[in-house]
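Peer 1:
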Amino acid sequence: DSGVTQTPKHLITATGQRVTLRCSPRSGDLSVYWYQQSLDQGLQFLIQYYNGEERAKGNILERFSAQQFPDLHSELNLSSLELGDSALYFCASSASGGFTDTQYFGPGTRLTVL
Amino acid sequence: AQSVTQLDSQVPVFEEAPVELRCNYSSSVSVYLFWYVQYPNQGLQLLLKYLSGSTLVKGINGFEAEFNKSQTSFHLRKPSVHISDTAEYFCAVRKNTGGFKTIFGAGTRLFVKA
Numbered sequence: 001d002s003g004v005t006q007t008p009k010h011l012i013t014a015t016g017q018r019v020t021l022r023c024s025p026r027s028g029d030l031s032v033y034w035y036q037q038s039l040d041q042g043l044q045f046l047i048q049y050y051n052g053e054e055r056a057k058g059n060i061l062e063r064f065s066a067q068q069f070p071d072l073h074s075e076l077n078l079s080s081l082e083l084g085d086s087a088l089y090f091c092a093s094s095a096s097g098g099f100t101d102t103q104y105f106g107p108g109t110r111l112t113v114l
Numbered sequence: 001a002q003s004v005t006q007l008d009s010q011v012p013v014f015e016e017a018p019v020e021l022r023c024n025y026s027s028s029v030s031v032y033l034f035w036y037v038q039y040p041n042q043g044l045q046l047l048l049k050y051l052s053g054s055t056l057v058k059g060i061n062g063f064e065a066e067f068n069k070s071q072t073s074f075h076l077r078k079p080s081v082h083i084s085d086t087a088e089y090f091c092a093v094r095k096n097t098g099g100f101k102t103i104f105g106a107g108t109r110l111f112v113k114a
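Protein chains in written order, with our numbering: chain D, 1 to 114; chain V, 1 to 114.
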């Protein structure tokens with residue numbers, strides 16, 4: 001158990017809909033990362049937050065947005081969903097968000113768009 | 001830009017045999033290197049990382065990896081595998097300057113046979 005929790009575990013929705021994925025980092029970790037894992041694109045970094053502020057952006061679509069709240073939990077919002085958004089979405093956390101940090105991954109949320 | 005190539009998509013091996021999972025990377029800047037393991041239906045777990053110093057890095061579960069700068073490789077090895085090592089293994093690079101971004105390889109599925 002990494003200490004990172006993600007809810008829900010599974011999510012099934014339809015095209016065009018909007019969903020919110022939630023992540024609680026390990027106790028004491030200030031930085032949160034979101035990743036997407038799909039069969040065709042592999043594992044891709046989406047976005048990083050540190051202590052409530054966006055710190056780095058990866059391959060995140062404009063239809064996706066994220067935020068980190070004062071209690072350090074984070075939410076990833078996916079809107080206007082397409083079939084290709086079906087994937088496993090991981091959240092990870094680390095102590096300070098530095099380049100040498102060890103990231104601890106949650107168990108993921110499996111999103112299925114029908 | 002950075003890229004990671006995992007040379008084998010699948011590696012079948014018998015229990016108690018040695019194994020090597022190969023990883024090559026390219027980058028125009030200095031990078032940190034990582035190996036992660038993903039067991040079925042779980043998130044990623046860090047096996048080991050190379051930041052600097054000794055090129056031979058020891059990790060958890062008896063794994064080790066060797067950083068070879070001239071060959072831009074970071075191969076993962078284990079002298080004797082167990083059935084429980086069956087999993088997907090990901091090599092990753094992270095540049096040590098500029099915006100945070102971790103690039104993952106496509107993964108190698110290690111299948112340990114009895």
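Backbone N, C-alpha and C fix where the C-beta goes; we use that ideal spot for every residue, glycine too.
Here the structure is a predicted model, which means the values were calculated and not measured.
Quick check: Phe63(V) and Lys78(V), are their CB atoms within less than 8 Å of each other?
Peer 2: By 1-based counting over the second sequence, the position of residue 63(V) is 63. By 1-based counting over the second sequence, the position of residue 78(V) is 78. Yes.
Peer 1: Rounded to whole angstroms, how far is the Cβ of Arg18(D) from the Cβ of Ser79(D), which I believe are closer than 8 Å?
Peer 2: Residue numbering aside, residue 18(D) sits at position 18 when the first sequence is read from its first letter. Residue numbering aside, residue 79(D) sits at position 79 when the first sequence is read from its first letter. Between Ser79(D) and Arg18(D) the Cβ distance is about 4 Å, and since that is below 8 Å, they are a contact.
Peer 1: Can you list the residues of chain D that Arg94(V) reaches, using a CB-CB cut of under 7 Å?
Peer 2: Start at 1 with the first residue of the second sequence, and residue 94(V) comes out as number 94. Residues of chain D passing the Cβ test: Phe99.
Peer 1: Hey, does Gln48(D) have any beta-carbon neighbour from chain V nearer than 8 Å?
Peer 2: Mapped onto the first sequence, residue 48(D) falls at position 48. Interface with chain V (8 Å Cβ-Cβ cutoff): Gln48(D) is included.
Peer 1: Figure out for me which residue from Glu75(D), Gln48(D), Tyr89(D) and Pro70(D) has the closest Cα to the Cα of Arg110(D).
Peer 2: Translated into positions along the first sequence, residue 110(D) becomes position 110. Its Cα nearest to that of Arg110(D), the residue Tyr89(D) stands out among Glu75(D), Gln48(D), Tyr89(D) and Pro70(D).
Peer 1: So is Arg26(D) in contact with chain V if we call contact Cβ pairs under 8 Å?
Peer 2: Looking up residue 26(D) in the first sequence gives position 26. Cβ-Cβ to chain V under 8 Å: no for Arg26(D).
Peer 1: Please check if any C-beta of chain D sits within less than 8 Å of the C-beta of Phe101(V).
Peer 2: Taking the second sequence and counting its residues from 1, one reaches residue 101(V) at position 101. Per the sequence shown, the amino acid found at residue 101(V) is Lys instead of Phe. Closer than 8 Å to some Cβ of chain D, the Cβ of Lys101(V) qualifies, so yes.
Peer 1: For Tyr89(V) and Glu75(D), what's the separation of their Cα atoms in angstroms?
Peer 2: Numbered from 1 along the second sequence, position 89 holds the residue referred to as residue 89(V). Numbered from 1 along the first sequence, position 75 holds the residue referred to as residue 75(D). Near 27 Å, if we compare the C-alpha coordinates of Glu75(D) and Tyr89(V).
Peer 1: May I ask you to check if the CB of Glu66(V) is nearer than 7 Å to at least one heavy atom of the ligand NAD?
Peer 2: The model depicted lacks the ligand NAD and carries no ligand whatsoever.
Peer 1: Exposed or buried, what is Ile103(V) when buried is set at 16 or more other beta-carbons lying within 10 Å of its beta-carbon?
Peer 2: For the purposes of this step, residue 103(V) is taken as residue 103 along the second sequence, with counting starting at 1. Per the 10 Å Cβ criterion, buried.
Peer 1: Can you say whether Arg94(V) is buried or exposed, counting buried as having 16 or more other CB atoms within 10 angstroms of its CB?
Peer 2: Stepping through the second sequence from its first residue, residue 94(V) is reached at position 94. So Arg94(V) ends up on the buried side.
Peer 1: Which residue comes first and which comes last in the beta strand (DSSP E) that contains Lys58(V)?
Peer 2: Locating residue 58(V) in the second sequence gives position 58, where the first residue counts as 1. Its beta strand (DSSP E) spans residues Leu56 to Lys58.
Peer 1: By the criterion of Cβ-Cβ separation under 9 Å, what are the contact partners of Ala46(V) in chain D?
Peer 2: For the purposes of this step, residue 46(V) is identified with residue 46 of the second sequence, where counting begins at 1. Note that residue 46(V) is Leu in the sequence shown here, rather than Ala. Neighbours of Leu46(V) on chain D, chain order: Thr102, Gln103, Tyr104 and Phe105.
Peer 1: With which residues is Pro12(V) paired in a DSSP beta bridge?
Peer 2: Here the question's residue 12(V) lines up with position 12 in the second sequence. Phe111(V).
Peer 1: From Gly16(D) to Leu81(D), what does the alpha carbon distance come to, in whole angstroms?
Peer 2: In the first sequence, residue 16(D) corresponds to position 16, counting from 1. In the first sequence, residue 81(D) corresponds to position 81, counting from 1. Going by the C-alpha atoms only, they are around 5 Å apart.
Peer 1: Can you say whether Ser24(D) is buried or exposed, counting buried as having 16 or more other CB atoms within 10 angstroms of its CB?
Peer 2: Counting from one through the first sequence, the residue named residue 24(D) turns up at place 24. The residue is buried, with at least 16 neighbouring Cβ atoms inside 10 Å.
Peer 1: To the nearest angstrom, how far is the alpha carbon of Glu16(V) from that of Glu66(V)?
Peer 2: In the second sequence, residue 16(V) corresponds to position 16, counting from 1. In the second sequence, residue 66(V) corresponds to position 66, counting from 1. Rounded to the nearest angstrom, the two C-alpha atoms are 21 Å apart.
Peer 1: Taking the alpha-carbon of Leu7(V) as reference, which of Leu76(V), Asn96(V) and Tyr32(V) has the nearest alpha-carbon?
Peer 2: Residue numbering aside, residue 7(V) sits at position 7 when the second sequence is read from its first letter. Per the Cα distances, Leu76(V).
Peer 1: How close, in whole Å, do the beta carbons of Trp34(D) and Leu46(D) come, if the pair is a contact with beta carbons under 8 Å?
Peer 2: Sequence index remark: in the first sequence, residue 34(D) carries index 34 (1-based). Sequence index remark: in the first sequence, residue 46(D) carries index 46 (1-based). Their Cβ separation, rounded to whole angstroms, is 4 Å, which keeps Trp34(D) and Leu46(D) in contact under 8 Å.
Peer 1: Expressed to the nearest angstrom, what Euclidean distance is found between the alpha-carbon atoms of Phe14(V) and Ser80(V)?
Peer 2: Along the second sequence, read from residue 1 onward, the residue named residue 14(V) stands at position 14. Along the second sequence, read from residue 1 onward, the residue named residue 80(V) stands at position 80. Cα to Cα, Phe14(V) sits roughly 9 Å from Ser80(V).
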